[in-house]
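Enquirer:
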Amino acid sequence: MTKSDKKSESHEGGCLCGKVRYKTIGQPKIVGACHCRYCQLRSGSAFGVLVYFKEAFLSLEKGEVAKYRFRSESNFQWENHFCRDCGTTVFFRLEVFKGLVGVAGGTFDPPAFWYDIGAEVFTRDKADFVGCIKAKAHFSTFHYYNPKNTESPRLKGEK
Ligand SMILES: [Zn+2]
Ligand SMILES: [Zn+2]
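Rendered as structure tokens:
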């Protein structure tokens, strides 16, 4: 693929029920596989795959999303956008990645996993059954991690 092809390539995807549909243009800026507790909870899975684009390169083609906001342990705002009908988290905006919007990696239409993973992060919380993830770099937490807020004991498995 030539450079200009990569720039103009586009990908589509959406939620489980199909009411929310989006389109992305070009290559993502950042791609991460994240084992943090927030990603485990929002996805209900062992880790999240987060594919970030510049705001202008993602368009919502159809449907409406509901939003859920919270502050992470490092006191950064995190906003999940999910389908009102089926509950699939489709996008997220993180204060630490200003100007970028994240797409939930599994929501792209097949072949869903067309991108490479740049960084595997928060491996400290990685499930034992998850094997080696193909990524350019691996981090126990991530560069912005700087706990300021006391997390609910529930998130740490304490009563
Ligand atoms: Zn839906
Ligand atoms: Zn995460």
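Start counting the sequence shown at 9; every next residue gets the next number (my numbering). All residues carry an ideal CB built from backbone N, CA and C; glycine is no exception.
1) Tell me whether GLY56 counts as near ligand 2, meaning its Cβ is closer than 6 angstroms to at least one heavy atom of that ligand.
2) Sort SER18, LYS37 and LEU24 by Cα distance to PHE105 and report the nearest one.
3) How far does the beta strand (DSSP E) with LYS62 in it reach, from first residue to last?
4) Checking 7 angstroms against the spacing of the C-beta atoms, do LYS31 and SER18 come in under that value?
5) Per DSSP, VAL73 is paired with what?
6) Looking only at its chain, what residues have a beta carbon closer than 7 angstroms to the beta carbon of SER80, apart from the 5 residues adjacent to it on each side?
Expert: Looking at the atomic coordinates:
1) yes
2) LYS37
3) 56 to 62
4) yes
5) CYS91
6) TYR46 and TRP86
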